[in-house]
Amino acid sequence: MPTKVEGLPTKAVQAAINDQIAKEFYASYLYLSMAAWFEEQNLPGFAKWMRHQHDEEREHAMRFFDYLIDAGARVRLQGLDEPPADFKGPLHVMEASLAHEKKVTASIRTIYELAVKDKDYATQLMLQWFIKEQQEEEKSVGDVIARMKLAGDSSAALLFLDNQLGQRGPAAE
2 MPTKVEGLPT KAVQAAINDQ IAKEFYASYL YLSMAAWFEE QNLPGFAKWM
52 RHQHDEEREH AMRFFDYLID AGARVRLQGL DEPPADFKGP LHVMEASLAH
102 EKKVTASIRT IYELAVKDKD YATQLMLQWF IKEQQEEEKS VGDVIARMKL
152 AGDSSAALLF LDNQLGQRGP AAE
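Numbering (my numbering), first residue to last: 2 to 174.
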């Protein structure tokens, strides 16, 4: 068993991070479900964008996982709920994505507040990256939603946006 660094993290912070690992894996699973839905709708660009989101969320889960391992803490993987598979339309999918990102942001802030309360400075430092990342995630999804609303009911505009989203490459970490 790895040597535990004294003072890192508290039991409450460990539990919160273990919960967050499950939330990040669920987000990954949710985005994969959304990608499948977009594939069914013949919107491969949106599907590719969601697959990238899936990959990012899985990486986020592993970042939390590795943090606990490196600190000598215990990782407790939890079960995942089944994500929705049916959506009302492309805009609905993106709005559901934004709502989910906001839940993740709130959860990370809660862990940060707990780390502050417990004077867990290393966890506070680690969470800074996630706080910035969540701002970027919410902006990214919000920008797509704004463009979709601008496009209105135009199929041509939706296909143009689909093409643009399909050009997204892997995120630079």
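Glycine included, every Cβ here is placed at the ideal spot set by N, Cα and C.
Since the structure is predicted, the reported quantities are computational estimates derived from the model, not experimental observations.
Measuring straight from C-alpha to C-alpha, what distance separates residue i and residue j?
{"i": "F47", "j": "F88", "result": "14 Å"}
{"i": "A72", "j": "K103", "result": "28 Å"}
{"i": "F65", "j": "Q168", "result": "29 Å"}
{"i": "T124", "j": "D82", "result": "27 Å"}
{"i": "Y122", "j": "T11", "result": "11 Å"}
{"i": "W50", "j": "A158", "result": "17 Å"}
{"i": "E41", "j": "D119", "result": "47 Å"}
{"i": "N43", "j": "R52", "result": "15 Å"}
{"i": "A17", "j": "L9", "result": "13 Å"}
{"i": "R148", "j": "G170", "result": "19 Å"}
{"i": "P3", "j": "W130", "result": "Because P3 sits at a pLDDT of 43, beneath the cut-off of 50, its placement in the model cannot be relied upon, and the following sentence gives the value as read from the coordinates. Straight-line Cα distance between these residues: approximately 25 Å."}
{"i": "M127", "j": "Y30", "result": "24 Å"}
Check this for me: beta carbons of residue i and residue j, under 8 Å apart or not?
{"i": "A28", "j": "H101", "result": "yes"}
{"i": "T204", "j": "E139", "result": "Here the chain covers residues 2 to 174 and nothing more, so residue 204 does not appear."}
{"i": "H55", "j": "A36", "result": "yes"}
{"i": "A74", "j": "Q15", "result": "yes"}
{"i": "S108", "j": "Q21", "result": "yes"}
{"i": "S141", "j": "P84", "result": "no"}
Within 10 angstroms of its Cβ, does residue i collect 16 or more other Cβ (buried), or is it exposed?
{"i": "D163", "result": "buried"}
{"i": "T111", "result": "exposed"}
{"i": "A116", "result": "buried"}
{"i": "I70", "result": "exposed"}
{"i": "E137", "result": "exposed"}
{"i": "L166", "result": "buried"}
Smallest Cα separation from residue i: which of the options?
{"i": "K133", "options": "L151, R77, Y113", "result": "Y113"}
{"i": "E38", "options": "Q135, V94, Q125, A152", "result": "Checking the sequence, you will find Trp at residue 38 rather than Glu. Nearest option by C-alpha distance: V94."}
{"i": "L92", "options": "V145, D20, V117", "result": "V145"}
{"i": "D154", "options": "Q125, I109, G90, Q136", "result": "G90"}
{"i": "R77", "options": "F131, Y68, P84", "result": "Y68"}
{"i": "K150", "options": "E40, E25, E96, N19", "result": "E96"}
{"i": "E25", "options": "Q79, L9, E137", "result": "Q79"}
{"i": "L160", "options": "Y32, N19, P45", "result": "P45"}
{"i": "Y32", "options": "N19, Q165, E58", "result": "E58"}
What are the boundary residues of the alpha helix (DSSP H) that residue i is part of?
{"i": "L78", "result": "Counting along the chain, L78 falls outside any alpha helix (DSSP H), and DSSP gives it neither H nor E."}
{"i": "A157", "result": "156-166"}
{"i": "F26", "result": "12-41"}
{"i": "A86", "result": "It is not in any alpha helix (DSSP H) - A86 carries neither H nor E in the DSSP assignment."}
{"i": "R148", "result": "122-152"}
{"i": "A72", "result": "From DSSP, A72 is part of no alpha helix (DSSP H); its letter is neither H nor E."}
Does the beta carbon of residue i come closer than 8 Å to any beta carbon on chain C?
{"i": "Q15", "result": "No chain C appears in this structure, which consists of one protein chain only."}
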